[in-house]
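Each residue of the sequence shown is one higher than the last, beginning at 106 in my numbering. Glycine is no exception: its CB is placed at the ideal position from the N, C-alpha and C atoms.
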Amino acid sequence: REKSEEKFRWADDGTSQALSSVQESLKVEKAQLEDDSERIKAATANVLAKEAEVERTKGFFSRNRWVFGAVLAILVALVIIGGISGIATVTSRLVPMMTLIYVTACIIVLGANMAEVPTAFRSIVTEAFAPTAAAGGFIGAFIQGIRRSAFSNEAGFGSAPIAHAAVKTKHPASEGLVALLEPFMDTIVVCTMTGLAIVVTAPVHEFSAGDGGIQLTSAAFESVVPWFRYILLGCVVLFAFSTMISWSYYGQQAWSYLFGRSKIVELIYKFLFCAFVVVGASLSLGKVLDFSDGMLFAMSLFNLIGVYVLLPVVKRELKSYLDHVKAVDAGSEQGGSGSSTREAASEQ
Numbered sequence: 106r107e108k109s110e111e112k113f114r115w116a117d118d119g120t121s122q123a124l125s126s127v128q129e130s131l132k133v134e135k136a137q138l139e140d141d142s143e144r145i146k147a148a149t150a151n152v153l154a155k156e157a158e159v160e161r162t163k164g165f166f167s168r169n170r171w172v173f174g175a176v177l178a179i180l181v182a183l184v185i186i187g188g189i190s191g192i193a194t195v196t197s198r199l200v201p202m203m204t205l206i207y208v209t210a211c212i213i214v215l216g217a218n219m220a221e222v223p224t225a226f227r228s229i230v231t232e233a234f235a236p237t238a239a240a241g242g243f244i245g246a247f248i249q250g251i252r253r254s255a256f257s258n259e260a261g262f263g264s265a266p267i268a269h270a271a272v273k274t275k276h277p278a279s280e281g282l283v284a285l286l287e288p289f290m291d292t293i294v295v296c297t298m299t300g301l302a303i304v305v306t307a308p309v310h311e312f313s314a315g316d317g318g319i320q321l322t323s324a325a326f327e328s329v330v331p332w333f334r335y336i337l338l339g340c341v342v343l344f345a346f347s348t349m350i351s352w353s354y355y356g357q358q359a360w361s362y363l364f365g366r367s368k369i370v371e372l373i374y375k376f377l378f379c380a381f382v383v384v385g386a387s388l389s390l391g392k393v394l395d396f397s398d399g400m401l402f403a404m405s406l407f408n409l410i411g412v413y414v415l416l417p418v419v420k421r422e423l424k425s426y427l428d429h430v431k432a433v434d435a436g437s438e439q440g441g442s443g444s445s446t447r448e449a450a451s452e453q
């Protein structure tokens, strides 16, 4: 019995020590949990504070969009004061750079989803001409596509002749052929790659009518590389900036045609243009697009009438340029054969 009691006493002592060890471990873990809890609370408070700051910042800029307009107006003014040389310098550097960056990003997105590209082409064709498309408003979607493509390539508005008229050339038709590359690059290359990038990264049925083009493109870019959205943001800003300074030149030429060419007249126009940059930034996007659609339709209406009237002149200029090209090619061939004859004669 004494041995049994001693064994039980030893067992009790061992159990007590084990319990004490467990209690100490629990105390340590509790302290660690409390410490982690405090850290989580601090981190949560920090995140909430940052989110609140972001919301306040977003609220400020959403209520004061004219601030963005004022900054853009100042940047535009710095460029357009330099005239056509300043505009050409800025756009010649911005446009190739941002186009290359954007196309490269699209290629990376398409490369990461290469297996989906054939399906995307098939979806684009079948969904465009499917009965569901007709039921969902095929004509309305077609009109909307025409409206947005007009913003993309400006074909038919008469803006391209204003820009290309500043080029010095003996044959206007040659510059016209160069101008044809612009809508091809804008619509066929850039817009097609954008559409494919959107379709290959998400099924068509996941899109909703309220999704905007920027949101869809940003989601497509982020699906491959999360920070690609910042590249998209930079490209959009550069595209918008280059568009503003280009259209400032178009408007200046029309303004000078109406009111004459003088420094005062040009300064008045540039001041008004920069002021409307601020106004445009303050208005809602829907109102700006509706107003722009109306103005662009008016431009295209009168421009297409002018193009129809001037078709004989266009035909004559094109024929003259093609005859010149044929004559140059024939002369080079004759020059080549003549040099060959002279070389053969010298060898003999």
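Original post:
In the structure shown, what three-state DSSP assignment does T274 receive?
Top reply: Under the three-state reduction of DSSP output, T274 falls in the coil class, being neither helix nor strand.
Subject >> Contact set for M203: own chain, Cβ-Cβ below 8 Å, skip 5 residues either direction >> reply: So the list reads G339, C340, L343, F344, S347, once near-sequence residues are dropped.
Original post:
What did DSSP end up calling K146 once you bin it into helix, strand or coil?
Top reply: Residue confidence is low: K146 scores 44 on pLDDT, short of 50, so the model does not pin down where it sits. Its coordinate-derived value is still stated next. Correct three-state label for K146: helix.
**OP:** For the alpha helix (DSSP H) holding F396, just list the boundary residues, first then last.
**Re:** 390–414 is the span of the alpha helix (DSSP H), which, as asked, contains F396.
Original post:
To the nearest angstrom, how far is it from the Cα of L183 to the Cα of E221?
Top reply: One C-alpha to the other measures close to 45 Å.
Subject >> Distance between P277 and V159 (C-alpha atoms, nearest Å) >> reply: Confidence in V159 is poor, its pLDDT being 40 and thus under 50, which makes the residue's placement too unreliable to answer from.
Original post:
If you check the beta carbons only, do I303 and A284 fall under 8 Å apart?
Top reply: Taking 8 Å as the cut-off, the Cβ atoms of I303 and A284 do not count as close.
Subject >> Contact between the region 400–417 and the region 257–273 (3+ Cβ pairs under 8 Å) >> reply: Yes: at least three Cβ pairs fall under 8 Å.
**OP:** Work out the CA separation of C296 and V172 for me, nearest whole Å.
**Re:** The straight-line gap separating the alpha-carbon atoms of V172 and C296 is approximately 31 Å.
Subject >> Enclosing alpha helix (DSSP H) for A265 [first to last residue] >> reply: Taken as a continuous stretch (DSSP letters only), the alpha helix (DSSP H) holding A265 covers 264–269.
Original post:
Nearest to V181 by CA position, among A268, C211, G300, F376, is which residue?
Top reply: The shortest Cα separation from V181 among A268, C211, G300, F376 belongs to F376.
Subject >> Outcome for A210 when other beta-carbon atoms lying within 10 angstroms are tallied against a minimum of 16 >> reply: Classification for A210: buried.
**OP:** In angstroms with no decimal places, state the Cα-to-Cα distance between G74 and V430.
**Re:** Outside the shown range of the chain (106 to 453) lies residue 74, about which nothing can therefore be said.
Original post:
Out of Q358, L388, A307, V382, which has the shortest C-alpha to C-alpha gap to T224?
Top reply: The shortest Cα separation from T224 among Q358, L388, A307, V382 belongs to A307.
**OP:** Taking only the alpha-carbon atoms, compute the straight-line gap between A265 and T322 and give it to the nearest angstrom.
**Re:** Roughly 28 Å separates the two Cα atoms.
Original post:
When the Cα of L215 is compared with those of G318, W332, T299, which residue comes out closest?
Top reply: Closest option to L215, Cα to Cα, is T299.
**OP:** Measure from the alpha carbon of K420 to the alpha carbon of each residue in S279, Q358, G174, then state which is nearest.
**Re:** The option with the nearest alpha carbon to K420 is S279.
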